[in-house]
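A.B. asks: Numbering (my numbering), first residue to last: 142 to 618. Note that beta-carbon positions come from the ideal geometry of N, C-alpha and C, so glycine has one too. I have a structure here, written as structure tokens, and I will follow up with some questions on it.
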């Protein structure tokens with residue numbers, strides 16, 4: 142048997158991320174406590190190098206490495222989003238990691254490995270590669286959730302995430318086993334060919350595979366882990382996992398449904414449409430009663446998973462492009478909101494209650510304005526990135542005949558405006574709490590400015606970015 146050809150040039154972005162993670166981990170062992178901030182620079186430089194190689198690399202729709210890996214337009218766009226997310230998350234984490242005494246080398250290495258997992262999921266053309274990417278993404282996030290080892294809430298969050306994540310992985314693996322039994326292969330092409338005459342075992346395998354991906358994306362009814370984990374994990378870890386897990390999970394949804402099973406969209410779109418509707422309703426309604434900003438953003442993350450899923454439900458190239466744009470906009474909106482919270486502290490601890498934001502805008506108008514911008518964008522109001530993101534996914538779903546999904550999305554967006562604007566309103570009313578102070582630094586400020594610029598540019602001048610993400614749809618036609 143002739144071994145498959147191996148061209149490592151296709152893997153340059155992944156290899157750069159891997160090398161950076163190893164370098165950060167090793168450097169952390171030798172740098173003294175007062176010089177650990179250099180690890181932030183090392184991680185950022187490596188991430189920028191990987192982002193540069195991703196953007197300059199060409200797209201080739203031909204699968205490589207025995208048909209398991211493909212560097213096409215979808216890979217390029219999603220990997221760029223994942224690397225942008227980890228870069229902003231590194232900037233957000235710096236002062237927090239130093240202030241709380243967390244192990245910087247391990248922390249940044251875990252962030253990079255999780256990004257590597259999302260990148261592999263985006264490039265997968267085989268279920269085995271998808272599983273490897275999923276676990277490479279998940280395991281570092283379990284550790285990051287429990288990274289504040291002296292905090293009981295963090296320990297609880299890590300344990301819950303690990304146990305429920307293992308449960309979701311079991312479904313995912315059993316689904317792969319059934320699909321292999323039905324098709325005799327784990328490649329996406331085999332799925333597409335066999336789906337034309339589906340057997341019961343094939344349908345069962347696809348259902349179990351969907352459960353595993355739905356858990357990672359935190360869609361209803363597989364969302365129950367998210368609020369507790371988000372609340373207990375360290376604040377910058379919560380910010381990062383809320384974005385990177387979505388990027389990896391929806392890359393997989395696009396690969397399996399919109400790419401491999403596009404011809405059978407009429408058969409699976411009804412199920413995903415029901416999940417999308419349920420997720421939008423539950424996520425937005427549950428967020429109305431939250432008093433913790435971390436729990437509110439957790440339910441916000443669930444609701445946005447439902448919005449993003451409408452693009453997958455469309456099952457069209459335009460839907461795939463809309464999902465890619467939404468993931469990029471969601472990265473800026475969510476990390477920006479967390480950046481504002483990270484710039485505050487309550488007696489040296491996280492200021493993670495909505496009440497802690499009372500009157501903050503009078504002491505820091507720029508901070509209040511930035512939070513108002515992110516809340517307006519998350520609510521989907523013009524002229525922000527959130528408005529265009531929802532417009533594109535709803536338009537794609539409407540063109541595919543998913544009228545009920547779009548109506549639900551519009552109505553739940555109206556509901557979401559209440560709790561998002563309540564956060565902004567809190568920052569501009571009342572007297573600031575005396576025990577709430579400012580904890581930001583240059584790096585968090587840089588992340589906040591970048592996220593704000595991203596929300597504004599994507600909302601007002603989206604032309605170049607739309608051309609970039611439209612590569613995804615054009616490659617699928």
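Does the beta-carbon of residue 174 have 16 or more other beta-carbons within 10 angstroms, so that it is buried, or is it exposed?
C.D. replies: For the purposes of this step, residue 174 is identified with residue 33 of the chain shown, where counting begins at 1. In summary, residue 174 is exposed, with fewer than 16 beta-carbon neighbours lying within 10 Å of its beta-carbon over all protein chains present.
A.B. asks: Under a three-way DSSP split, which group does residue 431 fall into?
C.D. replies: If you number the chain shown from 1, residue 431 lands on position 290. Residue 431: coil per DSSP, three-state reduction.
A.B. asks: Our contact map puts residue 165 next to residue 226 with C-beta atoms below 8 Å; I'd like the distance itself, whole angstroms only.
C.D. replies: For the purposes of this step, residue 165 is identified with residue 24 of the chain shown, where counting begins at 1. For the purposes of this step, residue 226 is identified with residue 85 of the chain shown, where counting begins at 1. About 17 Å; that fails the 8 Å criterion.
A.B. asks: Report buried or exposed for residue 213, applying the criterion of at least 16 other Cβ atoms within 10 angstroms of its Cβ.
C.D. replies: Taking the chain shown and counting its residues from 1, the one referred to as residue 213 is at position 72. A residue is called buried when at least 16 other Cβ atoms come within 10 angstroms of its Cβ; residue 213 meets this threshold and is buried.
A.B. asks: I want to know whether the stretch 414 to 432 touches the stretch 541 to 561 - three or more CB-CB distances under 8 Å.
C.D. replies: yes
A.B. asks: If you measure between the beta carbons of residue 473 and residue 388, is that distance less than 8 Å?
C.D. replies: Here residue 473 is taken as the residue at index 332 of the chain shown, counted from 1. Here residue 388 is taken as the residue at index 247 of the chain shown, counted from 1. It is not a contact, given that the beta carbons lie outside the stated cut-off.
A.B. asks: Relative to the C-alpha of residue 495, which candidate in 334, 608, 324 and 562 has its C-alpha closest?
C.D. replies: The count along the chain shown starts at 1 and reaches residue 495 at position 354. If we check each option's Cα against that of residue 495, 562 comes out closest.
A.B. asks: Residue 485 lies in the beta strand (DSSP E); which residues open and close that run?
C.D. replies: Locating residue 485 in the chain shown gives position 344, where the first residue counts as 1. Where residue 485 is concerned, the enclosing beta strand (DSSP E) stretches over 485 to 487.
A.B. asks: DSSP three-state call for residue 582: helix, strand or coil?
C.D. replies: On the chain shown, position 441 is the one that residue 582 refers to. Of the three classes helix, strand and coil, the one that applies to residue 582 here is coil, per DSSP.
A.B. asks: Roughly how many angstroms lie between the CA atoms of residue 401 and residue 194, to the nearest whole one?
C.D. replies: Looking up residue 401 in the chain shown gives position 260. Looking up residue 194 in the chain shown gives position 53. Each residue's Cα considered, the two are about 27 Å apart.
A.B. asks: If residue 509 sits next to residue 569, beta carbons under 8 Å apart, how far is it from one beta carbon to the other, in whole angstroms?
C.D. replies: Locating residue 509 in the chain shown gives position 368, counting from the first residue. Locating residue 569 in the chain shown gives position 428, counting from the first residue. About 6 Å; that satisfies the 8 Å criterion.
A.B. asks: Note the first and the last residue of the continuous alpha helix (DSSP H) segment covering residue 154.
C.D. replies: On the chain shown, residue 154 is found 13 positions in, with the first residue counted as 1. Element bounds for residue 154: 153 to 171.
A.B. asks: Counting C-beta neighbours from all protein chains within 10 Å, is the total for residue 176 16 or more, i.e. buried, or is it exposed?
C.D. replies: Working through the chain shown from its first residue, we reach residue 176 at position 35. Exposed is the call here.
A.B. asks: Please determine if the stretch 451 to 470 and the stretch 525 to 534 are in contact, where contact requires at least 3 C-beta pairs separated by less than 8 Å.
C.D. replies: yes
A.B. asks: Roughly how many angstroms lie between the CA atoms of residue 191 and residue 182, to the nearest whole one?
C.D. replies: Working through the chain shown from its first residue, we reach residue 191 at position 50. Working through the chain shown from its first residue, we reach residue 182 at position 41. Going from the Cα of residue 191 to the Cα of residue 182 covers about 14 Å.
A.B. asks: Label residue 572 either buried or exposed according to how many other C-beta atoms from any shown protein chain fall within 10 Å of its C-beta, with 16 as the threshold for buried.
C.D. replies: The residue labelled residue 572 in the question sits at position 431 within the chain shown. With fewer than 16 Cβ atoms within 10 Å of its Cβ, residue 572 is classed as exposed.
A.B. asks: Distance check for residue 611 and residue 289, CA to CA, integer angstroms please.
C.D. replies: Against the chain shown, residue 289 aligns to sequence position 148. Against the chain shown, residue 611 aligns to sequence position 470. Taking the straight line from one Cα to the other gives about 40 Å.
A.B. asks: What separation, rounded to the nearest whole angstrom, lies between the Cα atoms of residue 131 and residue 159?
C.D. replies: Only positions 142 to 618 of the chain appear in this structure, which leaves residue 131 out of reach.
A.B. asks: Among 335, 255, 377 and 343, which residue has its Cα nearest to the Cα of residue 240?
C.D. replies: In the chain shown, counting from the first residue as 1, residue 240 sits at position 99. For the residues 335, 255, 377 and 343, the minimum Cα distance to residue 240 belongs to 377.
A.B. asks: In terms of residue numbering, what span does the beta strand (DSSP E) encompassing residue 205 cover?
C.D. replies: The count along the chain shown starts at 1 and reaches residue 205 at position 64. That run of the beta strand (DSSP E) goes 201 to 205.
A.B. asks: Is residue 514 closer than 8 Å to residue 564 when the C-beta atoms are compared?
C.D. replies: Translated into positions along the chain shown, residue 564 becomes position 423. Translated into positions along the chain shown, residue 514 becomes position 373. Their beta carbons are not under 8 Å apart, which means residue 564 does not touch residue 514 by this criterion.
A.B. asks: Could you tell me the alpha carbon to alpha carbon distance between residue 322 and residue 185, rounded to whole angstroms?
C.D. replies: Your numbering for residue 322 matches position 181 in the chain shown. Your numbering for residue 185 matches position 44 in the chain shown. Rounded to whole angstroms, the gap between the alpha carbons of residue 322 and residue 185 is 44 Å.
A.B. asks: Let me make sure I understand the geometry here. Which of 168, 261, 482 and 215 has the alpha-carbon closest to that of residue 581?
C.D. replies: To locate residue 581, count along the chain shown from 1; it is residue 440. Measuring from the Cα of residue 581, the nearest candidate turns out to be 482.
A.B. asks: Using three-state DSSP, classify residue 361 as helix, strand or coil.
C.D. replies: What you label residue 361 is simply residue 220 of the chain shown in a count that begins at 1. Here residue 361 sits in coil by DSSP.
A.B. asks: Under 6 Å Cβ to Cβ from residue 423, same chain only, skipping five residues before and after it: list those, please.
C.D. replies: Here residue 423 refers to the residue found at position 282 when the chain shown is read from its first residue. The residues are 361.
A.B. asks: Cutting at 7 Å between CB atoms, please list the residues of its own chain near residue 246, excluding the five before and the five after it.
C.D. replies: The count along the chain shown starts at 1 and reaches residue 246 at position 105. Around residue 246: 165, 166, 168, 169, 170 and 180.
A.B. asks: Can you tell me whether residue 348 sits near the ligand GDP, meaning its C-beta is under 7 Å from at least one heavy atom of the ligand?
C.D. replies: This structure does not include the ligand GDP; it has no bound ligands of any sort.
A.B. asks: If you drop the 5 nearest sequence neighbours on each side, which residues of the same chain put their C-beta closer than 8 Å to that of residue 300?
C.D. replies: In the chain shown, counting from the first residue as 1, residue 300 sits at position 159. Correct list, in chain order: 287.
A.B. asks: Just tell me which of 359, 506, 356 and 327 has its CA closest to the CA of residue 266.
C.D. replies: Sequence index remark: in the chain shown, residue 266 carries index 125 (1-based). It is 327.
A.B. asks: Which residue marks the beginning of the alpha helix (DSSP H) containing residue 546, and which one marks its end?
C.D. replies: Within the chain shown, numbered from 1, the residue matching residue 546 stands at position 405. Counting along the chain, the alpha helix (DSSP H) containing residue 546 begins and ends at 544 to 568.
A.B. asks: What three-state label does DSSP hand residue 436 in the structure shown?
C.D. replies: Taking the chain shown and counting its residues from 1, one reaches residue 436 at position 295. Here residue 436 sits in helix by DSSP.
A.B. asks: Excluding the 5 residues flanking residue 409 on each side, which residues of the same chain have their C-beta closer than 7 Å to its C-beta?
C.D. replies: Taking the chain shown and counting its residues from 1, the one referred to as residue 409 is at position 268. Answer for residue 409: 398 and 402, listed in chain order.
A.B. asks: Just to confirm the assignment, what range does the beta strand (DSSP E) spanning residue 212 have?
C.D. replies: What you label residue 212 is simply residue 71 of the chain shown in a count that begins at 1. Element bounds for residue 212: 210 to 212.
A.B. asks: For residue 450 versus residue 413, is the C-beta distance shorter than 8 Å?
C.D. replies: Stepping through the chain shown from its first residue, residue 450 is reached at position 309. Stepping through the chain shown from its first residue, residue 413 is reached at position 272. Yes. Within cutoff.
A.B. asks: Assuming contact is defined by CB atoms lying nearer than 8 Å, are residue 220 and residue 263 in contact in what I supplied?
C.D. replies: For the purposes of this step, residue 220 is identified with residue 79 of the chain shown, where counting begins at 1. For the purposes of this step, residue 263 is identified with residue 122 of the chain shown, where counting begins at 1. For residue 220 and residue 263, yes; Cβs fall inside 8 Å.
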